[in-house]
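Participant: Just dropping this structure here.
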Amino acid sequence: MDLYSDIVMDHFKNPRNVGAVEKPDGVGEVGNPTCGDMMTITIKVKDEHLSEIKFKTLGCGAAIATSSMMTELAQGKSIEEGMSLTRDMVAEALGGLPPEKMHCSNLAADGLHAAIKDYQEKLGK
Amino acid sequence: MDLYSDIVMDHFKNPRNVGAVEKPDGVGEVGNPTCGDMMTITIKVKDEHLSEIKFKTLGCGAAIATSSMMTELAQGKSIEEGMSLTRDMVAEALGGLPPEKMHCSNLAADGLHAAIKDYQEKLGK
Amino acid sequence: MSDKPIYMDNAATTRLDPEVFAAMEPFFNKHFGNAASKYYQEGRTAHQAMESARGQLAGLLGADDEKEITITSCATESNNWVINSLLLNGTKKHVITSAIEHHAILEPIEFLEKHHGIKATILPVDERGMVSPQLLKDSITDETALVSIMHANNEIGTVLPIRELADIAHEKGVLFHTDACQTVGKIPVKVNELGADFLSLSAHKFHGPKGTGALYIRKGTRLEPFIRGGGQERGRRAGTSNIPSIVGMGKAAELAGKRIESEAPRERELVEKLWQGLNAKMPKIRRNGDPEKRIPNLLNICVAGVEGEAVLGYLDMYGIMVSSGSACTSGSLDPSHVLLAIGLPAEVAHGSIRFSMSHETEASDVERIIEIMPDVVERLRQMSPTWNG
Amino acid sequence: MSDKPIYMDNAATTRLDPEVFAAMEPFFNKHFGNAASKYYQEGRTAHQAMESARGQLAGLLGADDEKEITITSCATESNNWVINSLLLNGTKKHVITSAIEHHAILEPIEFLEKHHGIKATILPVDERGMVSPQLLKDSITDETALVSIMHANNEIGTVLPIRELADIAHEKGVLFHTDACQTVGKIPVKVNELGADFLSLSAHKFHGPKGTGALYIRKGTRLEPFIRGGGQERGRRAGTSNIPSIVGMGKAAELAGKRIESEAPRERELVEKLWQGLNAKMPKIRRNGDPEKRIPNLLNICVAGVEGEAVLGYLDMYGIMVSSGSACTSGSLDPSHVLLAIGLPAEVAHGSIRFSMSHETEASDVERIIEIMPDVVERLRQMSPTWNG
Ligand SMILES: Cc1ncc(COP(=O)(O)O)c(C=O)c1O
Ligand SMILES: Cc1ncc(COP(=O)(O)O)c(C=O)c1O
Ligand code: FES
Ligand code: FES
Chain F
1 MDLYSDIVMD HFKNPRNVGA VEKPDGVGEV GNPTCGDMMT ITIKVKDEHL SEIKFKTLGC
61 GAAIATSSMM TELAQGKSIE EGMSLTRDMV AEALGGLPPE KMHCSNLAAD GLHAAIKDYQ
121 EKLGK
Chain P
1 MDLYSDIVMD HFKNPRNVGA VEKPDGVGEV GNPTCGDMMT ITIKVKDEHL SEIKFKTLGC
61 GAAIATSSMM TELAQGKSIE EGMSLTRDMV AEALGGLPPE KMHCSNLAAD GLHAAIKDYQ
121 EKLGK
Chain V
1 MSDKPIYMDN AATTRLDPEV FAAMEPFFNK HFGNAASKYY QEGRTAHQAM ESARGQLAGL
61 LGADDEKEIT ITSCATESNN WVINSLLLNG TKKHVITSAI EHHAILEPIE FLEKHHGIKA
121 TILPVDERGM VSPQLLKDSI TDETALVSIM HANNEIGTVL PIRELADIAH EKGVLFHTDA
181 CQTVGKIPVK VNELGADFLS LSAHKFHGPK GTGALYIRKG TRLEPFIRGG GQERGRRAGT
241 SNIPSIVGMG KAAELAGKRI ESEAPREREL VEKLWQGLNA KMPKIRRNGD PEKRIPNLLN
301 ICVAGVEGEA VLGYLDMYGI MVSSGSACTS GSLDPSHVLL AIGLPAEVAH GSIRFSMSHE
361 TEASDVERII EIMPDVVERL RQMSPTWNG
Chain B
1 MSDKPIYMDN AATTRLDPEV FAAMEPFFNK HFGNAASKYY QEGRTAHQAM ESARGQLAGL
61 LGADDEKEIT ITSCATESNN WVINSLLLNG TKKHVITSAI EHHAILEPIE FLEKHHGIKA
121 TILPVDERGM VSPQLLKDSI TDETALVSIM HANNEIGTVL PIRELADIAH EKGVLFHTDA
181 CQTVGKIPVK VNELGADFLS LSAHKFHGPK GTGALYIRKG TRLEPFIRGG GQERGRRAGT
241 SNIPSIVGMG KAAELAGKRI ESEAPREREL VEKLWQGLNA KMPKIRRNGD PEKRIPNLLN
301 ICVAGVEGEA VLGYLDMYGI MVSSGSACTS GSLDPSHVLL AIGLPAEVAH GSIRFSMSHE
361 TEASDVERII EIMPDVVERL RQMSPTWNG
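Residue numbers (the numbering used here), protein chains in the order written: chain F, 1 to 125; chain P, 1 to 125; chain V, 1 to 389; chain B, 1 to 389.
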């Protein structure tokens, strides 16, 4: 028995899209190091689509894996689709998460939404 | 480790002087079946000496062994010596008794004393 | 004297089943990890073994959910837990139990009565060891927090009508606990058929390891923890999980479940054979407990004119291991409270002998006891001032 | 990746020593008798084995009398026992403890505070984990029933000045308890030198079996039983005695006593080597606990820019087993109360890693960790938004 599913373990061990995109169109910062989890999502937007997404995450295995999976799920999606990405979708794509980890699995979707909002605000001004 | 010493076990397995003397000069009855222990000591007295002693005992291994040892210790002794036989002397001769068994080890000496008193009372009248 | 010892004290404790031991063995020094350490493999291995053992036990009890099983260090702890938690922490301060409960129920209740203002009603039993349902009904008040009645008595083997008693408690909104130490693994014990809210058991009573037990806690029932300070057992019982023993308890539950159907009638027959054999050869003996409603593996008799400990001592010389409710075996003056509660005079109770069997008991063991016991008793009776044989 | 796993979580639990297992083995299904059944040989065999194990444990602790050792199911039970018995049953209702105690002390106290009108003073500690003797002195009132301070902390390894603290309590006529789970078997723990009235320990912390512990109770000190209902442990702790485990605890105590003198300096050196090695290769790490007054086998560090659970997960892939005081390992939001109590900011505490060794730890294990750990940390730091490396 594993604590995490094989998919979680794969994304934890080999996280995709780690880092920060250059000259990001939007930046989302969520979480708080005091709580042990913090995430920075950077996005590039092309034609109202998420052309590039990267993450940096401080947190547990679940936090890292959800970040990684989220970047894969959102990659190439429209910003509306990005906004409607939920933590449940991420958790499901990961083959499930332990109940006590649902907390941090929020972060990834929240981070993406924050980055998109940041992009929209920058556009707006 | 044994609960009882080898001497106790020997007297428990092969008690000496079980039964009742014929035409006893004295009879001592002590204990109480309600308490689980009861003893009847019968004695023959010749020239103020205990010429024959027998016992019947209802009780635990310690009760049986102390009865048996008591009859051996008292055998042939003067009735004064018989009256001064104590439970400690019996217990010592047995190589010791477990502390929780000190209660029933009283019985044997008490029974002997009762039989001697019975003999003396009969004489007195 | 033959050499093969005969163990007939399975109501006290049982031999650890070799299959149980085999199941436990890898967890002593191979997979020794702490089950709470889920962030490395060895911890997860331990955790998984524990949870599958819990499942085996839940299976034996027919529990709806494995989470209803909380592992404790023994039934004594389970019993103390229920009594203390419900009576010390709640607002209701009355408890009802029976006169033939194990000390692990009676003593905590006595202590709370003496020092913490609890009120207790100790229901009497009839000569077979039965509690009156009507009397239970009449004893429940608005103050009653708990009814605790054992499933089967450990000395006389009487099986009590738990379903009926639990229903009475529940009708009045009172929680019901049963101490099932002597039934689990011996007769079918299904928590939903019994209807109890709490059920105590100890693994060593059914060929599992000593020092491990459980408390069944029906889903939705609140019970404050008794031993606190760690997240183990979903926060209900703290302390590093005793994985080898828990694995052993699970395996023992599985094996018991498989054996019950064939074993119960076999042991019942052996008990009958023992009773018939002894009764035919020894005058003035009586049998205690309910003749029908009883666990299959236990025979309790009283032998007139002898004292139990002396019988035990003589049988020990032949390698025969039994027990007695005589006071002499406990160092006190009063014989077993159970034998007194079923109305035996003390002098009769002092002569009690309990034989308790297991799947290891063979017909030849019974035959040997039938051969030896009458001689032993006869020798002791010859020494006894209360026997005129 | 090499295949040999490296177990560095001995403060959580230890491997059962094969010699201990060998000592236990005959008591599982050969001599399985109930130690209370003294009227047959198998019961006496069990009883004797138990008493000689008690002697071994008394020997390790330098107790005056074996009767001062009461066997329990674990240190958690021992701790709960002392707290509950002294505070629920006595007239004095104030307890003093420290902020870095194990939950098995803090939680029962919290519960009694909340539900039973007990007052508690939780003494703060300094950055090394030390309690101030003066503050203890000032905190004792006429109402104080008990002071409970652990001998060594399980997370940071600091050894507290028990003798001095116990003397302060005793000067004011207050009983003193110490939780010695992390010192017994690792440094000399002599009850008369420590001066405590009560001392808790768990066998599985020194290569004995899980699910067995003890409470040392100084002669002449009264303590109401916690688990009642049988004459076991001289009436102090009821429940069928867990003979195999008790025998194992005794053997483990004997082995630990023999090992301490050579092991303590050896492990101290390994810990030093590990710290030096990690510190040389990893920037921005800090060491926690008292640099001098500490158990020899434990190193606790905080690694900036990473979270503990993630480190554990990566090390697990290499078969390296350690622990962390990060909140993520407990499913809560706050990291270890111990790390917060020594003044670490939460974001630092989240990056804590504890290495704890035993006599099985080899120099090559330490070398391997020094090789692997910096890479693991570097990979995680590269993912971290708080690390600008
Ligand atoms: C200091 C301390 N106290 C108490 C305990 C509890 O021990 P156990 O889980 O064996 O009851 C532990 C270990 O978990 C500990 O380290
Ligand atoms: C009916 C009953 N309840 C409770 C117990 C206590 O079990 P343990 O000693 O394993 O805690 C026993 C056995 O001793 C028992 O027979
Ligand atoms: S980051 Fe703390 S639980 Fe996942
Ligand atoms: S006769 Fe009862 S203790 Fe000896």
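All C-beta atoms, glycine included, are put in the ideal place defined by N, C-alpha and C.
What do you reckon, is the C-beta of D152 of chain P under 6 Å from a heavy atom of ligand 4?
Facilitator: The question about residue 152 of chain P has no answer, for chain P in this structure spans 1 to 125.
Participant: Indicate whether C74 of chain V and G239 of chain B have their beta-carbon atoms separated by less than 7 Å.
Facilitator: Translated into positions along the third sequence, residue 74 of chain V becomes position 74. Translated into positions along the fourth sequence, residue 239 of chain B becomes position 239. Taking 7 Å as the cut-off, the beta carbon of C74 of chain V is found closer than this to the beta carbon of G239 of chain B.
Participant: How do the segment 244 to 256 of chain V and the segment 202 to 212 of chain V stand: do at least 3 beta-carbon pairs fall below 8 Å, yes or no?
Facilitator: Enough Cβ pairs lie closer than 8 Å, so yes.
Participant: Given this structure, state the Cα-to-Cα distance separating S324 of chain V from A363 of chain V, to the nearest angstrom.
Facilitator: To locate residue 324 of chain V, count along the third sequence from 1; it is residue 324. To locate residue 363 of chain V, count along the third sequence from 1; it is residue 363. Rounded to whole angstroms, S324 of chain V to A363 of chain V spans 22 Å at the Cα level.
Participant: Taking 6 Å as the limit between beta carbons, can you name the residues of its chain near F27 of chain B, skipping five residues before and five after?
Facilitator: Here residue 27 of chain B corresponds to residue number 27 of the fourth sequence, with the count starting at 1. I243, P244, V247.
Participant: To the nearest angstrom, report how far apart M1 of chain P and V8 of chain P are at their CA atoms.
Facilitator: Taking the first residue of the second sequence as position 1, residue 1 of chain P is located at position 1. Taking the first residue of the second sequence as position 1, residue 8 of chain P is located at position 8. Only weak support exists for where M1 of chain P lies, its pLDDT of 49 falling under 50; the value from the coordinates is given anyway. For M1 of chain P and V8 of chain P, the distance between alpha carbons rounds to 14 Å.
Participant: Using CA coordinates, which residue listed in F:F55, F:D25, F:A93 is at the minimum distance from Q382 of chain B?
Facilitator: Counting from 1 along the fourth sequence, the entry for residue 382 of chain B is found at position 382. Closest option to Q382 of chain B, Cα to Cα, is F:F55.
Participant: Can you tell me whether Y4 of chain F is helix, strand or coil according to DSSP?
Facilitator: Taking the first sequence and counting its residues from 1, the one referred to as residue 4 of chain F is at position 4. DSSP places Y4 of chain F in coil when its eight states are reduced to three.
Participant: Which first and last residues belong to the alpha helix (DSSP H) in which R266 of chain B is found?
Facilitator: In the fourth sequence, the residue the question calls residue 266 of chain B occupies position 266. 243 to 281 is the extent of the alpha helix (DSSP H) around R266 of chain B.
Participant: Run through DSSP, which three-state label would N300 of chain B get?
Facilitator: The count along the fourth sequence starts at 1 and reaches residue 300 of chain B at position 300. Note: N300 of chain B maps to strand in three-state DSSP.
Participant: Thinking just about the alpha-carbon of each residue, which of B:R15, B:A166, B:L201, B:H177 is nearest to the one in A58 of chain B?
Facilitator: Start at 1 with the first residue of the fourth sequence, and residue 58 of chain B comes out as number 58. Nearest of B:R15, B:A166, B:L201, B:H177 to A58 of chain B, Cα basis: B:L201.
Participant: What does the alpha-carbon distance come out to for the pair I217 of chain V and D64 of chain V?
Facilitator: Residue numbering aside, residue 217 of chain V sits at position 217 when the third sequence is read from its first letter. Residue numbering aside, residue 64 of chain V sits at position 64 when the third sequence is read from its first letter. The straight-line gap from Cα to Cα measures roughly 11 Å.
Participant: Among the residues of its own chain, which have a CB less than 6 Å from the CB of L312 of chain B, if the five just before and after it don't count?
Facilitator: Sequence index remark: in the fourth sequence, residue 312 of chain B carries index 312 (1-based). Result list for L312 of chain B: S324, in chain order.
Participant: Give me the chain V residues within the contact set of M357 of chain B, using Cβ-Cβ distance strictly less than 8 Å, ordered along the chain.
Facilitator: Translated into the one-based positions of the fourth sequence, residue 357 of chain B becomes position 357. In chain order: nothing, as chain V lies at least about 15 Å away.
Participant: Which residues in the same chain have their Cβ closer than 8 Å to the Cβ of E127 of chain B, if we skip the five residues on either side of it in sequence?
Facilitator: As a working note, residue 127 of chain B is residue 127 in the fourth sequence. Excluding sequence neighbours, E127 of chain B sits near I342, G343.
Participant: Quick one: is D118 of chain F buried, meaning 16 or more other Cβ sit within 10 Å of its Cβ, or exposed?
Facilitator: Position 118 of the first sequence, counted from the first residue, corresponds to residue 118 of chain F. D118 of chain F is buried by the Cβ-count criterion.
Participant: Relative to the C-alpha of L223 of chain B, which candidate in B:T14, B:A36, B:T70 has its C-alpha closest?
Facilitator: Here residue 223 of chain B refers to the residue found at position 223 of the fourth sequence. The shortest C-alpha separation from L223 of chain B is found at B:T70.
Participant: Return the residue from the list B:F32, B:Q232, B:I295, B:G305 that minimises the CA-CA distance to F355 of chain B.
Facilitator: Here the question's residue 355 of chain B lines up with position 355 in the fourth sequence. Ranked by how close their Cα comes to the Cα of F355 of chain B, the residues B:F32, B:Q232, B:I295, B:G305 have B:I295 in first place.
Participant: Please find out if some non-hydrogen atom of ligand 4 comes closer than 6 Å to the beta-carbon of C104 of chain P.
Facilitator: Taking the first residue of the second sequence as 1, we reach residue 104 of chain P at position 104. C104 of chain P: yes, Cβ under 6 Å from ligand 4.
Participant: Let me make sure I understand the geometry here. Which of F:S51, F:K77, F:S67 has the alpha-carbon closest to that of V21 of chain F?
Facilitator: The count along the first sequence starts at 1 and reaches residue 21 of chain F at position 21. If we check each option's Cα against that of V21 of chain F, F:S51 comes out closest.
Participant: Excluding the 5 residues flanking V147 of chain B on each side, which residues of the same chain have their C-beta closer than 6 Å to its C-beta?
Facilitator: Sequence index remark: in the fourth sequence, residue 147 of chain B carries index 147 (1-based). Result list for V147 of chain B: I96, A169, V174, F176, in chain order.
Participant: Chain C partners of K13 of chain F, CB-CB under 9 Å?
Facilitator: Of the chains in the structure shown, none is chain C; the protein chains are F, P, V and B.
Participant: Between S241 of chain B and ligand 2, is the CB less than 6 Å from at least one heavy atom?
Facilitator: Counting from one through the fourth sequence, the residue named residue 241 of chain B turns up at place 241. The answer is no for S241 of chain B.
Participant: Are the Cβ atoms of I353 of chain B and V322 of chain B separated by less than 7 Å?
Facilitator: To locate residue 353 of chain B, count along the fourth sequence from 1; it is residue 353. To locate residue 322 of chain B, count along the fourth sequence from 1; it is residue 322. Contact: yes.
Participant: Does DSSP put T57 of chain F in a helix, in a strand, or in coil?
Facilitator: Stepping through the first sequence from its first residue, residue 57 of chain F is reached at position 57. Looking at T57 of chain F - three-state DSSP - the assignment turns out to be strand.
Participant: Using 8 Å for Cβ pairs, my map puts G43 of chain B next to A36 of chain B. What's the rounded Cβ distance?
Facilitator: Translated into the one-based positions of the fourth sequence, residue 43 of chain B becomes position 43. Translated into the one-based positions of the fourth sequence, residue 36 of chain B becomes position 36. Indeed, because the Cβ distance is near 7 Å, the residues count as touching under 8 Å.
Participant: State the beta-bridge partners of Y7 of chain V as determined by DSSP.
Facilitator: In the third sequence, counting from the first residue as 1, residue 7 of chain V sits at position 7. V:M321, per the DSSP bridge assignment.
Participant: Against chain B, with Cβ distances strictly below 7 Å, would L3 of chain P count as a contact?
Facilitator: The sequence position of residue 3 of chain P within the second sequence is 3, counting from 1. Output row for L3 of chain P: interface = yes.
Participant: Check whether the Cβ of S85 of chain B lies closer than 7 Å to any Cβ atom in chain V.
Facilitator: Within the fourth sequence, numbered from 1, the residue matching residue 85 of chain B stands at position 85. It does not; no Cβ of chain V falls within 7 Å.
Participant: Which residues bound the beta strand (DSSP E) around K284 of chain B?
Facilitator: For the purposes of this step, residue 284 of chain B is taken as residue 284 along the fourth sequence, with counting starting at 1. Careful: K284 of chain B lies outside any beta strand (DSSP E) and carries neither H nor E.
Participant: When burial is assigned at 16 or more other CB atoms within 10 Å of the CB, is M1 of chain B buried or exposed?
Facilitator: As a first step, residue 1 of chain B is located in the fourth sequence; it is residue number 1 there, counting from the start. Here M1 of chain B scores only 46 on pLDDT, less than 50, and its place in the model is too uncertain to base an answer on.
Participant: Please name the residue in F:A74, F:G76, F:P99, F:M70 whose C-alpha comes closest to that of S332 of chain B.
Facilitator: Counting from one through the fourth sequence, the residue named residue 332 of chain B turns up at place 332. S332 of chain B has its Cα closest to that of F:P99, out of F:A74, F:G76, F:P99, F:M70.
Participant: For the alpha helix (DSSP H) that R87 of chain F lies in, which residues bound it at each end?
Facilitator: Translated into the one-based positions of the first sequence, residue 87 of chain F becomes position 87. R87 of chain F -> alpha helix (DSSP H) spans 87 to 93.
Participant: Does any CB atom of chain B fall closer than 7 Å to the CB of F198 of chain V?
Facilitator: The sequence position of residue 198 of chain V within the third sequence is 198, counting from 1. Answer no: the Cβ-Cβ gap between F198 of chain V and chain B never drops below 7 Å.
Participant: By alpha-carbon positions, which one of F:C60, F:Q75, F:V30, F:G59 ends up nearest to V45 of chain F?
Facilitator: Here residue 45 of chain F refers to the residue found at position 45 of the first sequence. Closest option to V45 of chain F, Cα to Cα, is F:Q75.
Participant: Have a look at B:Y39, B:T14, B:G33, B:V131 and flag the residue whose alpha-carbon is nearest the alpha-carbon of N29 of chain V.
Facilitator: The count along the third sequence starts at 1 and reaches residue 29 of chain V at position 29. Between N29 of chain V and the set B:Y39, B:T14, B:G33, B:V131, the nearest pair of CA atoms involves B:T14.
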